[in-house]
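Heads up: the structure comes next, in structure tokens.
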Amino acid sequence: MNYYERIQNSIDYIEENLKSELSLETIASKAYMSIANYYRLFYAFTGHSVKDYIRRRRLNCACLDLLAKNVK
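In our numbering, the protein residues as written are 163 to 234.
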């Protein structure tokens with residue numbers, strides 16, 4: 163498995179567990195990398211830090227939930 167696939171698999175894990183507590187250690191282990199290497203490669207592939215990516219995704223989901231509640 164190449165680095166791209168590892169990062170993509172970890173993003174899939176993040177997406178599946180957005181409502182749970184996520185630790186960088188767990189996410190990096192899903193990609194079979196050290197935390198430092200994972201952090202560096204995640205930024206290289208996405209242009210965002212891992213924590214920033216998670217924060218943005220959670221905020222996006224919260225906004226969608228609020229919009230859905232306003233429509234009802």
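Quick reminder that beta carbons are idealized off the backbone N, C-alpha and C, glycines included.
Would you kindly check if the distance between the Cβ of residue j and the Cβ of residue i is under 8 angstroms?
i	j	result
Y106	S211	Lying before the first or after the last residue shown, residue 106 is absent from the chain, which here runs from 163 to 234.
N171	A193	yes
Assuming residue i and residue j are in contact, meaning their beta carbons sit under 8 angstroms apart, how far apart are those beta carbons, in whole angstroms?
i	j	result
Y175	L203	Not confirmed; about 15 angstroms, so no contact.
L180	R217	Not quite, the Cβ-Cβ distance comes to about 10 angstroms (not below 8 angstroms), so this is no contact.
Going by other Cβ atoms of all chains shown within 10 Å of its Cβ, with 16 needed for buried, is residue i buried or exposed?
i	result
A198	exposed
A190	buried
Taking C-alpha atoms, which residue in the options lies nearest to residue i?
i	options	result
D214	L228, E167, D227 and I173	I173
- Query: Of all the alpha helix (DSSP H) runs that stay within the bounds of the segment 171-206, which reach a length of 4 or more residues?
  - Reply: 186-192
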